[in-house]
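*Asks:*
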Amino acid sequence: MAVPGERKLQILQTLAEMLQMPAAEKITTAALAARLQVSEAALYRHFASKAQMFDGLIEFIEQSVFGLINKITANHESGLAQLEAIVSVLLAFAEKNPGMTRVLIGDALVNENERLQARINQLHDRIEATLRQSLRIAATQGETQGDPAIIANLLLCVVVGRWQLFAKSGFKRLPVADFAQYWQVLAVGLQAP
């Protein structure tokens with residue numbers, strides 16, 4: 271007999287695997303059920319809707335990403351070191367979870383419940399707020415200059431842009447490729463004179 275929640279996790283893992291197929295086709299519950307070798311009705315015993323399945327993936331992303339970010343902010347006193355580690359971990363998370371990257375950029379949510387895209391937008395806002403906080407710390411330490419809101423938005427745009435390139439290239443253009451060089455260029459613009 272299966273452990274409670276095990277089938278639910280299997281459904282989410284299979285959905286994530288299907289999302290990492292380079293040919294970005296709309297995923298139907300029929301295709302998901304066929305991949306799992308179960309009926310669509312079996313899927314609906316675990317999730318009320320496909321939107322609820324995507325909610326499960328978004329919840330995984332939120333817990334993973336913010337768990338990592340919280341460790342970074344707890345372990346790095348330097349605001350600039352926090353920024354570098356946060357940007358790096360956001361790119362690495364996408365690289366390790368290609369299917370989740372399609373969720374992060376909203377690509378997998380096209381034609382789904384608009385509430386899901388709003389939830390991803392909110393996740394992006396939380397990431398930006400975290401970057402802004404690290405920038406404020408860096409400014410008080412004399413490490414950076416400039417408006418934290420503008421710089422945080424710019425850093426978020428870099429991250430989302432790298433996620434986009436990764437997904438749109440069929441997961442060939444790796445988000446962390448050449449990160450050290452990218453960060454060097456970004457850090458020069460961030461540092462106080």
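Heads up: take any position in the sequence shown, counting from 1, add 270, and you land on the working numbering. Every residue gets a Cβ at the ideal spot worked out from N, C-alpha and C, and that includes glycine.
1. Alpha carbon to alpha carbon, how far is Glu491 from Leu279?
2. Leaving aside the five residues before and after Met271 along the sequence, list all residues of the same chain whose C-beta is less than 8 Å from its C-beta, in chain order.
3. Use the C-beta contact count for Gln352: other C-beta atoms within 10 angstroms, 16 or more gives buried, fewer gives exposed.
4. Within 10 angstroms of its Cβ, does Thr410 collect 16 or more other Cβ (buried), or is it exposed?
5. Once the 5 residues before and after Pro445 are set aside, which same chain residues still bring their CB inside 7 Å of it?
6. For a test of the three-state rule: what should DSSP assign to Gln461, helix, strand or coil?
7. What three-state label does DSSP hand Thr298 in the structure shown?
8. Over the uninterrupted alpha helix (DSSP H) stretch that includes Asn340, give me the two end residues.
9. Thinking C-beta only, is Asp448 closer than 9 Å to Leu386?
10. Give me, in chain order, the residues of the same chain whose beta-carbon lies closer than 8 Å to that of Glu349; leave out the 5 immediate sequence neighbours on both sides.
11. Determine whether the beta carbon atoms of Val428 and Leu460 lie at a separation below 9 Å.
*Replies:* From the atom records:
1. The first residue shown for the chain is 271 and the last is 463, placing residue 491 beyond what the model contains.
2. Confidence in Met271 is poor, its pLDDT being 43 and thus under 50, which makes the residue's placement too unreliable to answer from.
3. buried
4. exposed
5. Leu361, Ala364, Glu365, Arg432, Trp433 and Phe436
6. strand
7. coil
8. Element bounds for Asn340: Lys320 to Asn345.
9. no
10. Just to set this straight, residue 349 is Gly in the shown sequence, not Glu. The answer, listed in chain order, is Ser404, Leu405, Arg406, Ile407, Ala408, Ala409, Thr410, Gln411, Glu413 and Thr414.
11. Not in contact: Val428 and Leu460 (Cβ atoms no closer than 9 Å).
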